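S.K.: Residue numbers (my numbering): 4 to 185. Idealized CB from N, CA, C, for every residue including glycine. Owing to the predicted nature of the structure, the values given are computational and were not obtained by experimental measurement. I'd like to ask you about the structure that follows.
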């Protein structure tokens, strides 16, 4: 069984991941701009901010806002800033995380993602560049749900986390500027 954590939070969503239809599904929905901590240059944005950077103006995000590191499309960049979410997990189980995202192009289509526990507390993928934590976001100019994955050099694989009951910290780290999370 696995549960899903949806991180596009209405923007981020965690859901238990399971194959049994008899098991009750748990959904934990979070709103990106309401993160417990947002470290610049990751900031809260609105559609007009994205348009000013030279990309297509996104359709309306939930509650009118999203988080991102501002930047023009096709430039890459990033490497600093994050958003942290403290989430209470109702039951020990296997979870998946989904995000409601916009990724303009191949240079603005990824984040880093850590979940503590079980990921190491001192892990900073911006410094280590550990691809185990790299989330390749599906490209698209409109808001869409995308499951957090491992974008390894040998392919892209969906991630799940075996989470304990109680408090966990989900950190969405900037990898490339202009990738948006609702």
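Per DSSP, residue 165 is paired with what?
M.R.: As a first step, residue 165 must be located in the chain shown, where it is residue number 162. Paired residue(s): 97.
S.K.: Between which two residues does the beta strand (DSSP E) harbouring residue 30 extend?
M.R.: Here residue 30 is taken as the residue at index 27 of the chain shown, counted from 1. Start and end: 30-34.
S.K.: Which of helix, strand or coil does DSSP assign to residue 25?
M.R.: Residue 25 sits at position 22 when you count from the first residue of the chain shown. Low per-residue confidence applies at residue 25: pLDDT is 47, beneath 50, and the placement is therefore not dependable, though the value from the model is reported in the following sentence. Residue 25: coil per DSSP, three-state reduction.
S.K.: Are the beta-carbon atoms belonging to residue 138 and residue 111 less than 7 Å from one another?
M.R.: For this step, residue 138 is matched to residue 135 along the chain shown. For this step, residue 111 is matched to residue 108 along the chain shown. No, these two residues do not count as a Cβ contact at 7 Å.
S.K.: With 16 other CB atoms within 10 Å as the buried threshold, where does residue 152 fall?
M.R.: Position 149 of the chain shown, counted from the first residue, corresponds to residue 152. Per the 10 Å Cβ criterion, buried.
S.K.: Who are residue 148's beta bridge partners in DSSP?
M.R.: Along the chain shown, one-based indexing puts residue 148 at 145. Note: residue 148 sits in a beta bridge opposite 103.
S.K.: Which first and last residues belong to the beta strand (DSSP E) in which residue 87 is found?
M.R.: Reading the chain shown from its first residue, position 84 is the one you call residue 87. Annotation for residue 87: the continuous beta strand (DSSP E) segment containing it runs 85-92.
S.K.: Quickly, what does DSSP pair residue 137 with across the bridge? List them, please.
M.R.: Counting from 1 along the chain shown, the entry for residue 137 is found at position 134. Looking at the DSSP assignment, residue 137 forms a beta bridge with 115.
S.K.: Among the candidates 167, 68 and 136, whose CA atom is the shortest distance from the CA of residue 50?
M.R.: Indexing the chain shown from 1 puts residue 50 at position 47. The shortest Cα separation from residue 50 among 167, 68 and 136 belongs to 68.
S.K.: Let me know the secondary structure DSSP gives residue 40 once reduced to three states.
M.R.: Residue numbering aside, residue 40 sits at position 37 when the chain shown is read from its first letter. Strand.
S.K.: Residue 153 bridges to which residues according to DSSP?
M.R.: Within the chain shown, the letter at position 150 stands for residue 153. Paired residue(s): 160.
S.K.: With distances taken between CB atoms, is the gap from residue 58 to residue 107 smaller than 7 Å?
M.R.: Start at 1 with the first residue of the chain shown, and residue 58 comes out as number 55. Start at 1 with the first residue of the chain shown, and residue 107 comes out as number 104. For the 7 Å CB-CB criterion, residue 58 and residue 107 form a contact.
S.K.: Exposed or buried, residue 66, counting other C-beta atoms within 10 Å across all chains shown (16 or more means buried)?
M.R.: Locating residue 66 in the chain shown gives position 63, counting from the first residue. Exposed, because fewer than 16 other Cβ atoms sit within 10 Å of the Cβ of residue 66.
S.K.: Would residue 76 be called buried (16 or more neighbouring beta carbons within 10 Å of its own) or exposed?
M.R.: Here residue 76 refers to the residue found at position 73 when the chain shown is read from its first residue. Buried.
S.K.: Under 7 Å, Cβ to Cβ, is there at least one residue of chain B near residue 30?
M.R.: The chain labelled as chain B is not found in the depicted structure, where only one protein chain is given.
S.K.: Please confirm whether residue 177 and residue 102 have their CB atoms less than 7 Å apart.
M.R.: As a position in the chain shown, residue 177 is number 174, starting the count at 1. As a position in the chain shown, residue 102 is number 99, starting the count at 1. In this structure, residue 102 does not lie closer than 7 Å to residue 177 by Cβ.
S.K.: Whose C-beta lies closer than 6 Å to the C-beta of residue 95 among residues of the same chain, with five residues either side of it excluded?
M.R.: As a working mapping, residue 95 is identified with position 92 in the chain shown. Excluding the 5 residues flanking it on each side, residue 95 has same chain C-beta neighbours closer than 6 Å at 167 and 168, in chain order.
S.K.: CA-CA distance, residue 123 and residue 162?
M.R.: Within the chain shown, the letter at position 120 stands for residue 123. Within the chain shown, the letter at position 159 stands for residue 162. About 16 Å.
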